[in-house]
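Participant: Sharing a structure with you now.
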Amino acid sequence: MGMTVAEKILARASCRNVVKAGDVVEPKVDLAMSHENAALVINQFLEIYQGTNLQPKIWNPSRVSIIFDHRVPAESPKTATNQKKVREFVLSQGIGKFHDIRGDVGGICHQILPENGYVRPGSVVVGTDSHTTSHGALGAFAFGIGATEMASVWALGTALNIEVPATIKVVVKGTFKKFVGPKDLILHLIGRLTAQGANFKAIEFHGPAIRLMRTSGRLVICNMSVEAGATAGIIPADKETVRYLRSEAGVKGRIDLVTPDRDAVYDQVIEISVSKLEPQIACPHTVDNVKPIKDVAGTRINQVVIGSCTNGRLDDLAVAASILKGKKIADHVRMLVFPASGRIYSQALAKGYLGTLMSSGAVVMNPGCGPCLGIHEGALGDGETALSTTNRNFKGRMGNPNSQVFLSSPAVAAASALKGYIAHPRKGAK
Amino acid sequence: MGKVVLKLADDISTDVIYPGRFMATVLPTETPQYAFADLTEFNAALRGNQIAPGSIIVGGHNFGCGSSREQAVSTLKGHQLTIVARGFARIFLQNGINLGLRTVVCPDVEASEGDELEITELEIINKSSGKRFSVIPLPSARQAIIDAGGLIPYTRKLLIERTGRAF
Chain B
11 MGMTVAEKIL ARASCRNVVK AGDVVEPKVD LAMSHENAAL VINQFLEIYQ GTNLQPKIWN
71 PSRVSIIFDH RVPAESPKTA TNQKKVREFV LSQGIGKFHD IRGDVGGICH QILPENGYVR
131 PGSVVVGTDS HTTSHGALGA FAFGIGATEM ASVWALGTAL NIEVPATIKV VVKGTFKKFV
191 GPKDLILHLI GRLTAQGANF KAIEFHGPAI RLMRTSGRLV ICNMSVEAGA TAGIIPADKE
251 TVRYLRSEAG VKGRIDLVTP DRDAVYDQVI EISVSKLEPQ IACPHTVDNV KPIKDVAGTR
311 INQVVIGSCT NGRLDDLAVA ASILKGKKIA DHVRMLVFPA SGRIYSQALA KGYLGTLMSS
371 GAVVMNPGCG PCLGIHEGAL GDGETALSTT NRNFKGRMGN PNSQVFLSSP AVAAASALKG
431 YIAHPRKGAK
Chain C
54 MGKVVLKLAD DISTDVIYPG RFMATVLPTE TPQYAFADLT EFNAALRGNQ IAPGSIIVGG
114 HNFGCGSSRE QAVSTLKGHQ LTIVARGFAR IFLQNGINLG LRTVVCPDVE ASEGDELEIT
174 ELEIINKSSG KRFSVIPLPS ARQAIIDAGG LIPYTRKLLI ERTGRAF
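Read top to bottom, the protein sequences are chains B and C.
If you're matching positions, the first sequence starts at 11 in the working numbering and goes up one per residue.
If you're matching positions, the second sequence starts at 54 in the working numbering and goes up one per residue.
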């Protein structure tokens, strides 16, 4: 009986020849990522050692990454003090992959890990962030965990009592229409599966539309797999993965591609053709409340957000700039742009995208999670509506329970900013 | 025996349980004040100690979906609440087990606010309606963590065993 990608990765990491869905394993962790919540991880980590006579020591500091992105620059003395404590801990433990608040090497964790080549096909990646599923875009098994579980990983170097998930296979065929892409595909899939349709399962993506997709788009797909409840989203590594790792992430060493066996056993197989897919919108207040754009076109909006770990990459900014070039956004709309990393910010600056967006009326902010989770920037007023390229629209998500958030692709967000209401980016299309 | 103090719908996210704007607060000793902060009446009742320890929240499917923030568990644990749901999101369920929040998976549960529930290993008995509902037991791998008193003592034990072996 063959294995899925998730089974193969977990078998290798657990030093077994074969594992199957439902087995309980203790995989070695290749990369353990945290952001500001490292402050809590440190607290739990130190507690593990209490009364043991052992010195608190991370099993392998070169495999730990800490990236400040959720509240950057700090919005409060409390956050600033937490960040200070984390910095001190990073120094004392010799943690290597630390990304502070910086314009050159800083950014959002789910962009920093791929662009620095920290994630490789076949890796086991854990992160104290639910969108850690993103890194399945590079053929890794990557999943979100809580702070206490991370403390345990820091102590032992393994993830304890992990149940091997069953896998849903999604085969994507056809060719996207203009201004339709990865975000529309994943929103469509979440609408079909529902917010819990993939709970405790992995999703493995196949098909010609995936093979033709760049890593930037694959990151969108895997990032949002968790919105269907998936433990992990995985795109088996291929030529594009190698291209990205070599030419964009500067990886020099050997890259092993992990592919599923021909006779791998799947929980279910879903086929999707994207040829007729139109832009998809997730409507308030759940990510699976997905509708084709024609059902909500014309909805008046007050704020547009382009950015985040989902859609803050160079091609996202490029498409927004192409739509807004030489035009002005509607008077009643505030448009906030958050590039996903300092590197992307610089690239977008050099290519003129940021200048174009600013000339159209957008405010370009520093890389970070920004308003996505309602912490310190871009809050909404009572009764206001946002259209955002981020990944969640839960009630109160952007900091105000008396507001609503719609989710879309960058193309729809840019076109809608021009009109002041949700609008199709293709002229004349509905 | 506990009283149902809050009945919730499907897909209750961790943003609802512990809004993002309080995420700079991380310590389990400090998070309880922000439980369900945007359900202002319920939050006030919790902070005013009007909710007895052992009280029960009944949720629908996919309880605790969304962000992995552990505050969403420590904030409920701090009030010694029990969460009964038709189903849980993975990370929330695991965080609950790790921190010792009592979570009960009961796919068919029917209960209203004010009902008294008796929860056993096998079933939930709704004393107010007289109905009984089967409980899905936790997988043994997760039960081991609960039996150890949570993930911190569980890891501590393994760490000592393995460090001993290394020397």
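Here a beta-carbon is modelled for each residue, glycine too, at the ideal position from N, C-alpha and C.
Note that the coordinates shown come from a computational prediction; the quantities given were computed from them, not determined experimentally.
DSSP puts His216/B in a beta bridge; with which residues?
Facilitator: Bridge partners of His216/B: Val181/B.
Participant: Relative to the alpha-carbon of Val180/B, which residue among Ala433/B, Ala238/B, Ile291/B, Ala152/B has its alpha-carbon at the smallest distance?
Facilitator: Considering only alpha carbons, the answer is Ala238/B.
Participant: So, does the CB of Phe348/B fall closer than 8 angstroms to a CB anywhere in chain C?
Facilitator: With 8 angstroms as the cut-off, Phe348/B does not count as an interface residue toward chain C.
Participant: Do the CB positions of Gly156/B and Asn148/C come within less than 8 angstroms of each other?
Facilitator: Contact: yes.
Participant: What is the residue span of the alpha helix (DSSP H) that Phe55/B lies within?
Facilitator: Start and end: 48 to 59.
Participant: Within its chain, find whatever has a CB closer than 6 angstroms to the CB of Glu173/B; leave out the 5 residues flanking it on each side and keep chain order.
Facilitator: Within the same chain, Glu173/B has close Cβ partners Val34.
Participant: Below 8 angstroms between beta carbons: does that hold for Phe145/C and Glu163/C?
Facilitator: Against a cut-off of 8 angstroms, the Cβ pair of Glu163/C and Phe145/C comes out as no contact.
Participant: Roughly how many whole angstroms lie between the Cα atoms of Asn92/B and Gly73/C?
Facilitator: Approximately 16 angstroms between the Cα atoms of the pair.
Participant: Is the CB-CB distance between Ser127/C and Pro81/C below 8 angstroms?
Facilitator: Contact: yes.
Participant: Express the C-alpha separation of Trp164/B and Pro381/B in angstroms, rounding to a whole number.
Facilitator: Taking the straight line from one Cα to the other gives about 30 angstroms.
Participant: Can you pull the chain B neighbours of Val79/C, defined as C-beta to C-beta under 8 angstroms?
Facilitator: Residues of chain B passing the Cβ test: Asn47, Ala49, Leu50, Asn53, Asn92, Ala157.
Participant: Is it right to say Met54/C is buried, meaning 16 or more other beta carbons lie within 10 angstroms of its own, or is it exposed?
Facilitator: Counting Cβ neighbours within 10 Å, Met54/C comes out exposed, since fewer than 16 surround it.
Participant: Residues of chain C with CB closer than 8 angstroms to the CB of Asp194/B, please, in chain order.
Facilitator: Result: empty, since nearest Cβ-Cβ is about 21 angstroms, beyond 8 angstroms.
Participant: According to a CB-to-CB cut-off of less than 9 angstroms, which residues of the segment 388 to 400 of chain B neighbour chain C?
Facilitator: Listed in sequence order: Ala389.
Participant: Residues of chain B with CB closer than 8 angstroms to the CB of Val69/C, please, in chain order.
Facilitator: Chain B residues near Val69/C: Phe404, Lys405, Gly406.
Participant: With Glu395/B as the anchor, note down where its beta strand (DSSP E) starts and where it stops.
Facilitator: Rather than Glu, the amino acid found at residue 395/B in this sequence is Thr. It spans 395 to 398 - the beta strand (DSSP E) in which Thr395/B sits, taken as one unbroken run.
Participant: Taking just the CA atoms, how far does Gln103/C sit from Ala439/B?
Facilitator: Spanning the two alpha carbons is a distance of roughly 56 angstroms.
Participant: Is Phe220/C close to chain B? Criterion is C-beta to C-beta, closer than 8 angstroms.
Facilitator: Because Phe220/C carries a pLDDT of 43, less than 50, the predicted location of this residue cannot be relied on, and the following value inherits that uncertainty. It does not; no Cβ of chain B falls within 8 angstroms.
Participant: Who are the near neighbours of Val115/B in its chain, counting only those whose CB is closer than 7 angstroms to its CB and skipping five residues on each side?
Facilitator: His109, Gly352.
Participant: Could you give the residue range of the alpha helix (DSSP H) that holds His120/B?
Facilitator: Segment 119 to 125, the alpha helix (DSSP H) holding His120/B.
Participant: With a threshold of 6 angstroms on Cβ separation, who are the neighbours of Ala372/B within its own chain once the five nearest residues in sequence on each side are excluded?
Facilitator: Here the set comprises Met345, Val347.
Participant: Using a C-beta cutoff of 8 angstroms, does Cys118/C count as contacting chain B?
Facilitator: Yes - at least one Cβ of chain B is within 8 angstroms of the one on Cys118/C.
Participant: Less than 8 angstroms between the C-beta atoms of Gly140/C and Gln278/B, yes or no?
Facilitator: Going by C-beta atoms, Gly140/C is not nearer than 8 angstroms to Gln278/B.
Participant: Please work out which residues of its chain come closer than 7 angstroms, Cβ to Cβ, to Ala433/B, disregarding the five sequence neighbours upstream and downstream, and give them in chain order.
Facilitator: Cβ neighbours of Ala433/B beyond the five flanking positions: Ala307, Ala425, Ser426.
Participant: So which residues on chain B does Ile91/C lean against when the C-beta distance must stay under 7 angstroms?
Facilitator: With the sequence shown as reference, residue 91/C is identified as Asp, and Ile is not the correct amino acid for it. By Cβ distance, chain B contributes Gly406, Pro411.
Participant: Using beta carbons (cut-off 8 angstroms, strictly below), is Lys262/B in contact with chain C?
Facilitator: Closer than 8 angstroms: no.
Participant: To the nearest angstrom, report how far apart Gly184/B and Gly191/B are at their CA atoms.
Facilitator: Roughly 11 angstroms between the two C-alpha positions.
Participant: Excluding the 5 residues flanking Glu166/C on each side, which residues of the same chain have their C-beta closer than 6 angstroms to its C-beta?
Facilitator: Result list for Glu166/C: Val57, Lys60, in chain order.
Participant: Within a Cβ cutoff of 8 angstroms, which residues of the same chain sit near Ser24/B, ignoring the five residues on either side of it in sequence?
Facilitator: Same-chain partners within the cutoff: Val35, Glu36, Pro37, Lys38.
Participant: Is Pro192/B helix, strand or coil when you go by DSSP?
Facilitator: Residue state, collapsed to three classes: helix.
Participant: Measuring only between beta-carbons, confirm whether Asp161/C sits less than 8 angstroms from chain B.
Facilitator: Judged by the 8 angstroms Cβ criterion, Asp161/C is not in contact with chain B.
Participant: Checking contacts by CB at 8 angstroms: is Ser121/C closer than that to chain B?
Facilitator: Closer than 8 angstroms to some Cβ of chain B, the Cβ of Ser121/C qualifies, so yes.
Participant: Establish whether the CB of Arg155/C and some CB of chain B are separated by less than 8 angstroms.
Facilitator: No, Arg155/C lies away from the interface with chain B (no Cβ there is under 8 angstroms from its Cβ).
Participant: Bridge partners for Cys118/C per DSSP, in chain order?
Facilitator: Note: Cys118/C sits in a beta bridge opposite Ser66/C.
Participant: Residues of the segment 115 to 149 of chain B with a CB closer than 7 angstroms to any CB of chain C: list them in chain order, please.
Facilitator: For the segment 115 to 149 of chain B, which is checked against every Cβ of chain C, the residues closer than 7 angstroms are Thr138, Asp139, Ser140.
Participant: I need the DSSP call for Arg323/B, collapsed to helix, strand or coil.
Facilitator: Coil at Arg323/B, not helix or strand.
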